[in-house]
Amino acid sequence: MENNTEKAEFTHSTPPSRDRETFYIYNTLTRKKEQFIPLHAPNVGMYVCGPTVYGDPHLGHARPAITFDILFRYLKHLGYKVRYVRNITDVGHLENDADEGEDKIAKKARLEQLEPMEIVQYYTLRYHKAMELLNVLPPSIEPHASGHIMEQIDFVQKILDAGYAYESEGSVYFDVEKYNKNHHYGKLSGRNINELLETTRELDGQSEKHRSVDFALWKKASPEHIMRWKSPWSMGFPGWHLECSAMGTKYLGEEFDIHGGGMDLMFPHHECEIAQNQAGLGKNSVKYWMHNNMITIGGQKMGKSLGNFITLEQFFTGNHPLLTKAFSPMTIRFFILQAHYRSTVDFSSEALEASEKGLERLMEGYVRLQKLSAGEKSSIEISDLRKKCEDTMNDDLNTPIVISHLFDNLRVINLIHDGKETISKSDLEELQSVFKLYLEDILGLQSEIQDSTNNEAFYKAIDLLLNIRLEAKKKKDWATSDKIRNELTALGFEIKDTKDGFEWKAP
RNA sequence: GGUACUUUGGCCGAGUGGCUAGGCGCCGGUCUGCAAAACCGUUUACGGCGGUUCGAAUCCGCCAAGUACCUCCA
148 MENNTEKAEF
158 THSTPPSRDR
168 ETFYIYNTLT
178 RKKEQFIPLH
188 APNVGMYVCG
198 PTVYGDPHLG
208 HARPAITFDI
218 LFRYLKHLGY
228 KVRYVRNITD
238 VGHLENDADE
248 GEDKIAKKAR
258 LEQLEPMEIV
268 QYYTLRYHKA
278 MELLNVLPPS
288 IEPHASGHIM
298 EQIDFVQKIL
308 DAGYAYESEG
318 SVYFDVEKYN
328 KNHHYGKLSG
338 RNINELLETT
348 RELDGQSEKH
358 RSVDFALWKK
368 ASPEHIMRWK
378 SPWSMGFPGW
388 HLECSAMGTK
398 YLGEEFDIHG
408 GGMDLMFPHH
418 ECEIAQNQAG
428 LGKNSVKYWM
438 HNNMITIGGQ
448 KMGKSLGNFI
458 TLEQFFTGNH
468 PLLTKAFSPM
478 TIRFFILQAH
488 YRSTVDFSSE
498 ALEASEKGLE
508 RLMEGYVRLQ
518 KLSAGEKSSI
528 EISDLRKKCE
538 DTMNDDLNTP
548 IVISHLFDNL
558 RVINLIHDGK
568 ETISKSDLEE
578 LQSVFKLYLE
588 DILGLQSEIQ
598 DSTNNEAFYK
608 AIDLLLNIRL
618 EAKKKKDWAT
628 SDKIRNELTA
638 LGFEIKDTKD
648 GFEWKAP
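The first sequence begins at 148 in the numbering used here and counts up by one.
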């Protein structure tokens with residue numbers, strides 16, 4: 148299903164006429180919308196924090212995946228050659244305090260008596276499956292933290308060599324206080340760490356860490372800790388901020404264009420990453436930091452810690468107390484795209500049902516658009532649609548407005564379909580082209596009409612039944628006509644009478 | 001406590017100084033044997049108080065309510 152896009156990547160040697168100079172994105176670092184200018188056009192490097200694979204993917208995972216999928220698609224549309232790296236975190240996230248920390252993956256493994264990598268494999272596949280259903284394009288590279296231990300050890304060494312880290316009983320910690328003397332630790336999240344340093348000075352007597360704000364770059368493994376690697380300092384595992392520094396650098400270089408992730412990662416994760424890169428490489432590695440906002444439920448963040456999350460599978464099956472029904476992956480995608488990525492979006496079954504109906508209407512209009520016939524001339528104006536959509540995307544990926552433009556033109560499509568307006572051949576082609584571009588290629592919405600009933604005899608049989616009904620109707624034999632309709636409806640078919648015939652949809 | 005942010009019509013959700021966002025729902029209509037579906041149309045809101053301005057949802061101040069981060073989280 149993503150073949151078109153794959154091919155497009157290799158056939159865009161001639162950049163489209165799109166006005167790249169007007170693409171603006173919001174940079175968390177400067178808190179402003181900034182014009183997007185790549186470091187090495189036409190190449191663009193983007194890195195996005197992926198999932199920690201120790202649980203089923205939930206609605207919260209869908210948001211950054213979809214947000215940055217849109218960015219990935221739009222950058223490609225603008226003619227850039229994009230390398231999109233999204234990592235899989237399969238080691239290193241500490242469960243509690245650093246001191247009694249335990250690797251999340253390892254903990255789950257012991258509980259379930261499985262090999263850690265078995266867990267990783269299982270949830271990675273589940274994540275991939277969900278992303279595919281959501282029509283999220285696979286990133287260019289999807290590196291695993293566990294596959295980049297060497298790179299992370301090297302990175303720790305660089306920071307040690309630069310004097311911004313210290314070793315303590317087999318573990319290595321980042322010296323935040325020292326770093327903050329020369330750089331600003333907290334510049335991304337707008338924090339002034341000095342006060343924190345003052346207030347925590349006395350609490351650190353018995354800890355290996357000099358300051359509570361210091362964070363682990365390498366952690367010595369306790370005996371029961373089963374995920375462990377050899378390093379110059381101890382048998383242990385890398386600190387949980389390090390993988391992004393190491394893998395981002397490895398695949399995108401010491402400086403690259405875009406780094407994305409959820410807003411909740413801004414502090415401390417991304418802050419630490421900035422510090423690590425500055426300390427280890429002497430560079431401010433990332434030009435544009437982008438953060439998607441959270442999905443809330445009843446006004447509260449949906450998250451693992453609050454236990455109020457709904458897994459994607461539960462959405463797809465409807466198997467959750469808060470869900471009135473199952474919702475398709477495209478509905479979830481559309482729901483997310485109907486809000487701007489920097490706003491919170493409040494989940495409710497009611498809101499999802501509204502999205503579902505809107506999407507269905509839009510997609511049916513899209514099908515209708517393909518079948519529209521052109522007239523002599525246009526009685527409507529569609530020439531500015533492409534520009535309107537483009538301007539809107541250029542304004543920090545404002546997908547809800549793009550969708551509103553499509554809905555405006557859905558009305559036009561229906562009016563033409565009803566014969567109340569006309570459209571010229573060239574205008575029709577333009578309309579079809581813009582809808583394909585934005586609906587399919589950029590927003591990534593696809594029709595969900597199942598091909599499972601892809602059986603000619605089946606279609607003909609239903610048509611036959613409905614033709615019999617049509618004849619009955621002509622004879623005003625309402626009993627037969629209603630019997631056919633009612634029984635097909637009971638089987639889950641949708642029967643629609645039209646002016647001179649019928650339309651139907653399989654269950 | 002510190003730091004950000006949010007508050008828009010029945011619901012969701014755009015919108016940073018003046019021109020109807022959009023979706024869903026409701027209501028009205030077209031179509032129809034009936035129904036459903038579909039389609040068309042309608043629905044004028046911006047937490048409170050004060051200020052700036054010819055003009056504010058949009059800028060400023062105060063107040064109120066709520067959320068997020070500061071600990072793992074997308």
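Glycine included, every Cβ here is placed at the ideal spot set by N, Cα and C.
Contact defined as beta carbons within less than 8 Å: I believe residue i pairs with residue j. What is the distance between those atoms, to the nearest angstrom?
i	j	result
Val-238	Pro-385	7 Å
Leu-590	Thr-546	7 Å
Phe-321	Tyr-194	No, Phe-321 and Tyr-194 are not in contact; Cβ-Cβ is about 20 Å, not under 8 Å.
Glu-298	Met-394	7 Å
Ala-309	Gly-427	6 Å
Lys-228	Asn-190	5 Å
His-372	Ala-253	6 Å
Tyr-513	Asn-440	Not really, about 28 Å apart at Cβ, beyond 8 Å.
Leu-611	Ile-631	No, Leu-611 and Ile-631 are not in contact; Cβ-Cβ is about 11 Å, not under 8 Å.
Gly-226	Tyr-270	About 36 Å; that fails the 8 Å criterion.
His-564	Leu-635	With 8 Å as the limit, His-564 and Leu-635 do not qualify as a contact, their Cβ atoms being about 25 Å apart.
Helix, strand or coil, according to DSSP, for residue i in the structure here?
i	result
Gly-445	coil
Asn-190	strand
Asn-424	helix
Thr-145	Residue numbering for the chain in the displayed model covers 148 to 654; residue 145 lies beyond these limits and cannot be assessed.
Gln-579	helix
Gly-648	strand
His-331	coil
Arg-210	helix
Tyr-221	helix
Ile-457	coil
Ser-452	coil
Asp-246	Because the pLDDT of Asp-246 is 39, which lies under 50, any placement of that residue in the model is unreliable, and the number read from its coordinates should be weighed accordingly. The answer is coil: DSSP assigns Asp-246 none of H, G, I, E or B.
Pro-654	coil
Ser-573	helix
Phe-183	coil
Thr-169	helix
His-357	coil
Tyr-585	helix
To which residues of the same chain is residue i closer than 8 Å at the C-beta, ignoring the five residues directly before and after it?
i	result
Gly-400	Gly-192
Ser-423	Checking the displayed sequence, the identity of residue 423 turns out to be Gln instead of Ser. The answer, listed in chain order, is Phe-302, Ile-306, Phe-321, Leu-364, His-388, Leu-389, Ser-392.
Gly-522	Thr-569, Ile-570, Ser-571
Leu-562	Ile-527, Glu-568
Leu-412	Cys-196, His-438
Thr-627	Ile-615, Arg-616, Ala-619
Val-326	Looking at the sequence provided, one finds Tyr at residue 326 rather than Val. For Tyr-326, where only same-chain residues beyond five positions count, the Cβ hits under 8 Å are Tyr-311, Tyr-332, Ala-422, Gln-425, Ala-426.
Gln-268	none
Excluding the five sequence neighbours on either side, which residues of its own chain have a C-beta within less than 7 Å of the C-beta of residue i, listed in chain order?
i	result
Asp-542	Tyr-171
Asn-174	Glu-181, Tyr-435, Trp-436
Leu-222	Val-191, Val-229
Lys-430	Glu-401, Glu-402, Asn-424
Enumerate in chain order the residues of its own chain whose CB-to-CB distance from residue i is below 6 Å, with the five nearest sequence positions on each side excluded.
i	result
Ile-288	Val-232, Tyr-398
Met-510	Ser-594
Lys-643	Glu-650
Arg-348	For Arg-348, the predicted structure reports a pLDDT of 49, less than 50, and the residue's modelled location is therefore unreliable. A value from the coordinates is still provided. Around Arg-348: no qualifying Cβ.
Leu-578	Ile-529
Val-492	Ile-442, Ala-486
Phe-183	Phe-170, Ile-172
Ser-381	Gly-317, Lys-367
Ile-444	Asn-455, Phe-494
For the stretch 251 to 318, list the beta strand (DSSP E) runs that are entirely contained and at least 3 residues long, ordered along the chain.
Within the stretch 251 to 318, the complete beta strand (DSSP E) runs of at least 3 residues fall at 312 to 315.
Validate contact between the stretch 609 to 629 and the stretch 504 to 521 using beta carbons, cut 8 Å, 3 pairs
Taking a cut-off of 8 Å on C-beta distances, the stretch 609 to 629 does not touch the stretch 504 to 521, as fewer than three cross pairs fall below it.
Could you tell me which whole beta strand (DSSP E) segments of length 3 or greater appear in the stretch 462 to 549?
Secondary structure within the stretch 462 to 549: the beta strand (DSSP E) runs of 3 or more consecutive residues, fully enclosed, are 492 to 494 (chain order).
Taking contact to mean at least 3 C-beta pairs separated by less than 8 Å, is the stretch 525 to 533 in contact with the stretch 570 to 587?
Yes: at least three Cβ pairs fall under 8 Å.
Count the C-beta pairs between the stretch 378 to 394 and the stretch 302 to 315 that are closer than 8 Å, then say yes if the count reaches three, no if not.
Enough Cβ pairs lie closer than 8 Å, so yes.
Please give me, in chain order, every unbroken run of the alpha helix (DSSP H) with length at least 4 that falls completely inside the stretch 381 to 422.
For the alpha helix (DSSP H) assignment, the uninterrupted runs of no fewer than 4 residues enclosed by the stretch 381 to 422 are, from N- to C-terminal side, 389 to 399.
Quick one: any contact between the stretch 444 to 456 and the stretch 475 to 486, if contact means 3 or more CB pairs under 8 Å?
No: fewer than three Cβ pairs fall under 8 Å.
Would you call the stretch 309 to 320 in contact with the stretch 354 to 363, where contact means no fewer than 3 C-beta pairs closer than 8 Å?
Taking a cut-off of 8 Å on C-beta distances, the stretch 309 to 320 touches the stretch 354 to 363, as three or more cross pairs fall below it.
Does the pairing of the stretch 464 to 471 with the stretch 209 to 224 give three or more beta-carbon distances under 8 Å?
Contact check between the stretch 464 to 471 and the stretch 209 to 224: fewer than three CB pairs, one atom from each, fall below 8 Å, which does not count as touching.
Say whether the stretch 200 to 209 touches the stretch 454 to 463, bearing in mind that this needs 3 or more beta-carbon pairs closer than 8 Å, one atom from each stretch.
The stretch 200 to 209, when compared against the stretch 454 to 463, does touch it at the 8 Å Cβ threshold.
Every unbroken alpha helix (DSSP H) within the stretch 604 to 652, with a cutoff of 4 residues, ordered by chain:
Fully enclosed alpha helix (DSSP H) runs of 4 or longer: 625 to 637.
At least three beta-carbon pairs within less than 8 Å, the stretch 547 to 558 to the stretch 477 to 497:
Three or more beta-carbon pairs drawn from the stretch 547 to 558 and the stretch 477 to 497 are found closer than 8 Å, and the two stretches are therefore classed as touching.
Is the stretch 330 to 341 in contact with the stretch 272 to 285, if contact means three or more CB pairs nearer than 8 Å?
Counting Cβ pairs under 8 Å, fewer than three are found: no touch.
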